[in-house]
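Numbering (the working numbering), first residue to last: 13 to 160.
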């Protein structure tokens with residue numbers, strides 16, 4: 013989809029409730045992060061970036077606002093499951109949804125993420141037509157469990 017068509021579709025989503033939201037993207041692939049950051053920027057969402065699950069809680073503590081964590085599963089140093097355990101054990105971010113965003117997809121992987129305590133699952137490759145709506149749903153308190 014050409015960028016101008018994507019921008020029109022994105023503008024159809026109510027971005028007023030997304031303004032001033034902050035999402036922490038835990039993703040080791042620069043290209044994937046750039047795609048996610050662009051789509052979030054089109055929604056008016058601010059994003060922060062961490063390249064591994066290592067010390068994710070310490071990093072999250074430095075943020076003045078945090079509304080959502082998008083967590084890749086396969087990460088260097090500490091994978092998404094380990095990082096999720098630390099987030100949950102910290103007790104500081106109990107109201108913040110943590111959503112797995114991963115290329116490791118399928119029903120079994122989605123069930124594993126659910127059993128591990130993730131609040132949602134979005135399979136890669138990300139669909140630029142669906143991703144803005146998925147983020148909007150998550151930030152409005154709904155869950156998203158989808159893979160391609």
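Here a beta-carbon is modelled for each residue, glycine too, at the ideal position from N, C-alpha and C. All values reported here derive from a predicted model rather than from experimental measurement.
Problem set entry | Per-residue DSSP class, three states only, for residue 71 | helix
Exercise. How close, in whole Å, do the beta carbons of residue 82 and residue 34 come, if the pair is a contact with beta carbons under 8 Å?
Worked result: The Cβ separation is near 12 Å, so there is no contact.
Problem set entry | Three-state secondary structure (DSSP) of residue 62 | strand
For this session: Keeping to the same chain, check which residues put their C-beta closer than 6 Å to that of residue 135; ignore five residues upstream and five downstream.
Result: Same-chain partners within the cutoff: 117, 159, 160.
Problem set entry | Cross-strand partners of residue 36 (DSSP beta bridge) | 60, 81
Exercise. Apart from the five residues on each side of it in sequence, which residues of its chain come closer than 6 Å, Cβ to Cβ, to residue 93?
Worked result: 128
Exercise. Among the residues of its own chain, which have a CB less than 7 Å from the CB of residue 96, if the five just before and after it don't count?
Worked result: 83, 110, 128, 129, 130
Exercise. Which same chain residues, not among the five before or five after residue 143, have their C-beta less than 7 Å away from its C-beta?
Worked result: Taking C-beta separations shorter than 7 Å and ignoring five residues to either side along the sequence, the partners of residue 143 in its chain run 51, following chain order.
Exercise. The alpha helix (DSSP H) with residue 48 in it runs from where to where?
Worked result: 42 to 54
Exercise. Can you give, in chain order, each stretch of the alpha helix (DSSP H) that sits fully within the region 82 to 113 and has at least 4 residues?
Worked result: 92 to 102
Exercise. By how many angstroms is the C-alpha of residue 157 removed from the C-alpha of residue 149?
Worked result: 11 Å
Exercise. From residue 123 to residue 112, what does the alpha carbon distance come to, in whole angstroms?
Worked result: 11 Å
Exercise. Fully enclosed by the region 113 to 155, which alpha helix (DSSP H) runs are 4 residues long or longer?
Worked result: 119 to 128, 143 to 151
For this session: Report the rounded CA-to-CA distance for residue 98 versus residue 41, giving the unit in angstroms.
Result: 22 Å
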